[in-house]
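To keep things clear, I will list the structure first and then write my remarks on it.
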């Protein structure tokens with residue numbers, strides 16, 4: 034499948050702004066530290082916390098999606114096209130790690146109902162490039178706003194170190210072989226970037 038790492042910023046308007054190098058091994062305290070084993074009950078509690086956090090993180094968007102007869106697969110497609118206008122079908126498959134048949138069903142509904150449009154690639158006319166319509170952009174922004182608000186509230190409650198610790202934990206949860214692509218894709222602002230340079234939901238980097 035296609036490599037989803039964005040091209041250089043000089044050639045692609047979708048390229049990320051100054052992404053930081055947030056690697057697991059780069060975080061202070063990792064190198065040379067050999068923490069003791071974590072007991073099973075603590076680990077199981079974290080498994081359950083992830084379940085409940087994800088349940089509530091997706092709960093409000095799920096309710097909105099249900100009004101359109103959509104589910105979480107539609108949400109993921111809308112989100113990544115919103116953030117990466119012109120994403121190819123092959124690139125989207127590589128991100129979502131689902132079958133062509135599953136994606137085809139979701140895309141067919143989103144296209145037929147006017148949320149997504151497809152265009153032939155400029156260099157390869159056989160390639161399908163995906164874009165949101167105005168209708169699709171509005172829905173993607175509405176869904177993103179709900180989740181951004183929940184994350185912002187959680188960061189504030191977690192204290193001054195909560196954002197960095199959470200980001201580091203989530204990167205560590207991503208498989209080693211996928212981490213570089215994920216980092217390139219998500220447009221993580223550099224620590225020095227002003228808050229107003231952080232891409233708003235649905236901006237797509239354009």
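In this note's numbering, the protein residues as written are 34 to 239.
Just so you know, even glycine gets a beta-carbon here, dropped at the ideal spot from N, CA and C.
- Burial is judged here by how many other beta carbons sit within 10 angstroms of a residue's own beta carbon; residue 110 has at least 16 and is buried.
- Residue pairing by DSSP places residue 151 opposite 163 in a beta bridge.
- In the DSSP secondary-structure assignment, residue 170 is not bridged to any residue.
- Comparing C-alpha distances from residue 196 to each of 140, 108, 184 shows the shortest one belongs to 184.
- When the beta-carbon positions are compared, residue 158 and residue 119 stay at least 8 Å from each other.
- Residue 152 and residue 69 have their C-alpha atoms spaced approximately 54 Å apart.
- When rounded, the separation of the alpha-carbon atoms in residue 171 and residue 105 is 17 Å.
- In this structure, the beta-carbon distance from residue 180 to residue 113 does not fall below 8 Å.
- The alpha-carbon of residue 164 is positioned some 12 Å away from that of residue 125.
- Going by C-alpha positions, residue 168 is about 10 Å away from residue 146.
- Boundaries of the alpha helix (DSSP H) around residue 82: 73-99.
- Residues of the same chain with a CB within less than 8 Å of the CB of residue 154, apart from the 5 flanking positions on each side, are 121, 160, 161, 162 in chain order.
- Secondary structure at residue 179: helix, using DSSP grouped into helix, strand and coil.
- When the Cα atoms are used, residue 130 and residue 103 turn out to be separated by approximately 19 Å.
- DSSP lists no beta-bridge partner residue for residue 129.
- Note on geometry: alpha-carbon atoms of residue 73 and residue 79 lie some 10 Å from one another.
- Counting of Cβ neighbours within 10 angstroms places residue 193 among the exposed residues, the total staying below 16.
- The distance from the Cβ of residue 149 to that of residue 140 is about 7 Å, consistent with a contact at the 8 Å cut-off.
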